[in-house]
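Everything in the sequence shown is counted per UniProt numbering, starting at 1 for the first residue and increasing by one. Glycine included, C-beta positions come from ideal geometry on N, C-alpha and C. Okay, structure first, notes after.
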Amino acid sequence: MRSVTAENITETFLGYFGKDTDPRVKEIMASLAHHLHGFVKDTKLTHDEWRESLELLKWVGEITTPERNEFVLLSDVLGVSSLVDMINSNPAATSSSVLGPFHVSDAPEMALGADFKRHYDGEVILVEGYIKDTEGNFIPGATVDIWQTAPNGLYSSQDEEQDINSFHGVFTADENGYYCFTTIRPVSYTVPSDGPVGKILDATGRHPWRPSHLHYIVSAEGYRSLVTEVFPNDDPYLDQDTVFGVREDLVIGYKPQAAGTFPKEGFELSGKVDDAFSKIDFDAILIKK
Ligand code: BEZ
Ligand code: FE
Numbered sequence: 001m002r003s004v005t006a007e008n009i010t011e012t013f014l015g016y017f018g019k020d021t022d023p024r025v026k027e028i029m030a031s032l033a034h035h036l037h038g039f040v041k042d043t044k045l046t047h048d049e050w051r052e053s054l055e056l057l058k059w060v061g062e063i064t065t066p067e068r069n070e071f072v073l074l075s076d077v078l079g080v081s082s083l084v085d086m087i088n089s090n091p092a093a094t095s096s097s098v099l100g101p102f103h104v105s106d107a108p109e110m111a112l113g114a115d116f117k118r119h120y121d122g123e124v125i126l127v128e129g130y131i132k133d134t135e136g137n138f139i140p141g142a143t144v145d146i147w148q149t150a151p152n153g154l155y156s157s158q159d160e161e162q163d164i165n166s167f168h169g170v171f172t173a174d175e176n177g178y179y180c181f182t183t184i185r186p187v188s189y190t191v192p193s194d195g196p197v198g199k200i201l202d203a204t205g206r207h208p209w210r211p212s213h214l215h216y217i218v219s220a221e222g223y224r225s226l227v228t229e230v231f232p233n234d235d236p237y238l239d240q241d242t243v244f245g246v247r248e249d250l251v252i253g254y255k256p257q258a259a260g261t262f263p264k265e266g267f268e269l270s271g272k273v274d275d276a277f278s279k280i281d282f283d284a285i286l287i288k289k
């Protein structure tokens with residue numbers, strides 16, 4: 001096409017595909033062109049605005065390291081990560097939610113009932129639940145990989161004061177699909193906002209806060225792994241998570257337990273907790289592959 005116009009550029013683009021192009025690649029690229037060209041026309045984008053946008057993307061690339069993937073963060077704050085999650089989820093299973101950049105592979109294996117908080121102070125939280133399939137059968141031996149921030153709102157990889165495995169651990173559910181551990185109440189925290197994503201949040205009058213949560217990856221042989229998060233139902237940022245990760249079934253009440261009622265056995269902290277504490281019951285439902 002030698003007379004490309006604003007009217008025919010999308011059609012021209014579609015005509016440039018090679019005949020052996022993979023049909024799915026073609027479908028995705030055609031839709032991308034359609035929406036991108038439409039976006040430029042709708043907003044009557046100026047040269048300066050486009051140049052500034054490309055500069056921002058360049059900065060996203062420059063700031064990205066193995067420890068900090070600003071592209072993932074950009075996808076998160078634009079709601080794309082959550083949308084991909086939601087359109088690929090199965091309503092019979094527990095909802096998935098954002099992975100975030102702070103998962104540590106090879107976190108230490110912990111015995112059921114182990115304590116996550118080590119020397120940190122805070123309200124003790126006893127977490128327990130069952131891993132099940134969509135028919136309600138318990139899945140024995142499922143792997144439950146958990147992580148959260150320290151009370152300062154930082155994950156271990158963001159904080160020189162913590163060792164890399166701090167507040168990370170992998171549990172194996174028992175023969176009844178049961179898992180349990182103790183930790184301290186997670187805190188609300190901000191996603192990294194000192195880079196291009198922070199600039200976008202600022203420019204649009206948005207804050208960088210996430211409601212407090214525990215991260216989970218639940219896996220079992222023959223099932224799709226579930227990446228999810230569990231939120232307390234009283235967090236002030238529940239209705240304005242900057243990465244859109246909250247789902248109805250992931251919001252759980254922390255049940256207050258009276259002083260002196262901590263289980264006498266079965267937990268690393270048994271015999272060591274006299275004060276009041278809280279309890280979370282969270283069951284995860286997995287889908288067969
Ligand atoms: C997180 O929950 O760890 C997280 C998720 C998305 C972006 C940044 C952090
Ligand atoms: Fe997180």
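Any heavy atom of the ligand FE closer than 7 Å to the CB of residue 181?
-> To locate residue 181, count along the sequence shown from 1; it is residue 181. The closest heavy atom of the ligand FE lies 7 Å or more from the beta carbon of residue 181.
Consult DSSP for residue 37 and reduce its assignment to one of helix, strand or coil.
-> Translated into positions along the sequence shown, residue 37 becomes position 37. In the structure shown, residue 37 sits in a helix (DSSP, three-state: H, G or I).
So who's on the other strand from residue 182, going by DSSP bridges?
-> Translated into the one-based positions of the sequence shown, residue 182 becomes position 182. DSSP lists 115 and 126 as partners of residue 182.
Does at least one heavy atom of the ligand BEZ sit under 7 Å from the Cβ of residue 100?
-> Locating residue 100 in the sequence shown gives position 100, counting from the first residue. Yes, the beta carbon of residue 100 sits closer than 7 Å to at least one heavy atom of the ligand BEZ.
Mind checking whether the beta-carbon of residue 210 lies closer than 7 Å to any heavy atom of the ligand BEZ?
-> Within the sequence shown, numbered from 1, the residue matching residue 210 stands at position 210. The nearest non-hydrogen atom of the ligand BEZ is less than 7 Å from the C-beta of residue 210.
Rounded to a whole number of angstroms, what is the C-alpha to C-alpha distance between residue 183 and residue 59?
-> For the purposes of this step, residue 183 is identified with residue 183 of the sequence shown, where counting begins at 1. For the purposes of this step, residue 59 is identified with residue 59 of the sequence shown, where counting begins at 1. Looking at the two C-alpha atoms, the distance is approximately 37 Å.
Got a sec: does the ligand BEZ put a non-hydrogen atom nearer than 7 Å to the Cβ of residue 145?
-> For this step, residue 145 is matched to residue 145 along the sequence shown. Checking every heavy atom of the ligand BEZ against the Cβ of residue 145, none is found closer than 7 Å.
Verify whether the separation of the beta carbon atoms of residue 207 and residue 107 is less than 8 Å.
-> The residue you call residue 207 lines up with position 207 of the sequence shown. The residue you call residue 107 lines up with position 107 of the sequence shown. No.
Count the other C-beta atoms from every protein chain shown that fall within 10 angstroms of the C-beta of residue 179, then say buried if there are 16 or more, exposed otherwise.
-> As a first step, residue 179 is located in the sequence shown; it is residue number 179 there, counting from the start. Residue burial is scored here from C-beta neighbours: residue 179 has at least 16 other C-beta atoms within 10 angstroms and is therefore classed as buried.
Helix, strand or coil at residue 10 [DSSP, three-state] | Counting from one through the sequence shown, the residue named residue 10 turns up at place 10. Residue 10 falls in the helix class under three-state DSSP.
In whole angstroms, what separates the C-alpha of residue 50 from that of residue 20?
-> On the sequence shown, position 50 is the one that residue 50 refers to. On the sequence shown, position 20 is the one that residue 20 refers to. Each residue's Cα considered, the two are about 32 Å apart.
Give the DSSP-derived three-state secondary structure of residue 197 in the structure shown.
-> In the sequence shown, the residue the question calls residue 197 occupies position 197. Here residue 197 sits in helix by DSSP.
How is the alpha helix (DSSP H) around residue 278 delimited, first residue to last?
-> Stepping through the sequence shown from its first residue, residue 278 is reached at position 278. Premise fails: residue 278 lies in the beta strand (DSSP E), 277-281, not in any alpha helix (DSSP H).
Expressed to the nearest angstrom, what Euclidean distance is found between the alpha-carbon atoms of residue 325 and residue 2?
-> No answer is possible for residue 325: it lies beyond the span of the chain, which begins at 1 and ends at 289.
Would you grab the beta carbon distance between residue 220 and residue 143 for me? Rounded to a whole angstrom, and I think it's under 8 Å.
-> As a position in the sequence shown, residue 220 is number 220, starting the count at 1. As a position in the sequence shown, residue 143 is number 143, starting the count at 1. The pair is a contact, with the Cβ atoms about 7 Å apart (cut-off 8 Å).
Cutoff 7 Å; reference residue 266; Cβ partners in own chain excluding five residues on either side | On the sequence shown, residue 266 is found 266 positions in, with the first residue counted as 1. Excluding positions up to five away in sequence, the list reads 113.
For residue 229, three-class secondary structure by DSSP | Residue mapping note: residue 229 aligns to position 229 of the sequence shown, counting from 1. Strand.
Measuring from the CB of residue 215, is there a heavy atom of the ligand FE at a distance below 7 Å?
-> By one-based count along the sequence shown, residue 215 stands at place 215. Yes, the ligand FE has a heavy atom inside 7 Å of this Cβ.
Whole angstroms is fine: what's the gap from residue 226's alpha carbon to residue 93's?
-> Reading the sequence shown from its first residue, position 226 is the one you call residue 226. Reading the sequence shown from its first residue, position 93 is the one you call residue 93. If you take the alpha carbons of residue 226 and residue 93, they lie about 9 Å apart.
Can you say whether residue 240 is buried or exposed, counting buried as having 16 or more other CB atoms within 10 angstroms of its CB?
-> For the purposes of this step, residue 240 is taken as residue 240 along the sequence shown, with counting starting at 1. Residue 240 should be labelled exposed.
What are the boundary residues of the alpha helix (DSSP H) that includes residue 212?
-> Within the sequence shown, residue 212 is the residue found at index 212, counting from 1. Counting along the chain, residue 212 falls outside any alpha helix (DSSP H), and DSSP gives it neither H nor E.
Residue 145 lies in the beta strand (DSSP E); which residues open and close that run?
-> The count along the sequence shown starts at 1 and reaches residue 145 at position 145. From DSSP, the beta strand (DSSP E) with residue 145 extends over 143-147.
Give the straight-line distance between the Cα atoms of residue 172 and residue 141, rounded to the nearest whole angstrom.
-> Within the sequence shown, numbered from 1, the residue matching residue 172 stands at position 172. Within the sequence shown, numbered from 1, the residue matching residue 141 stands at position 141. In this model, residue 172 and residue 141 are separated by some 6 Å (Cα to Cα).
Ignore the nearest five residues each way along the sequence and tell me which others in residue 256's own chain have a CB closer than 6 Å to its CB.
-> Position 256 of the sequence shown, counted from the first residue, corresponds to residue 256. Closer than 6 Å at the Cβ level, and outside the excluded window around residue 256, lie 278.
Distance cut-off 7 Å: residue 83 Cβ against heavy atoms of the ligand BEZ = Taking the first residue of the sequence shown as 1, we reach residue 83 at position 83. Every heavy atom of the ligand BEZ is 7 Å or more from the Cβ of residue 83, so no.
Of the listed residues 238, 185, 200 and 202, nearest to residue 211 (C-alpha basis) = As a first step, residue 211 must be located in the sequence shown, where it is residue number 211. Among 238, 185, 200 and 202, the Cα nearest to that of residue 211 is on 238.
Secondary structure at residue 172, three-state DSSP: helix, strand or coil?
-> Against the sequence shown, residue 172 aligns to sequence position 172. Reduced to three states, the DSSP call for residue 172 is strand.
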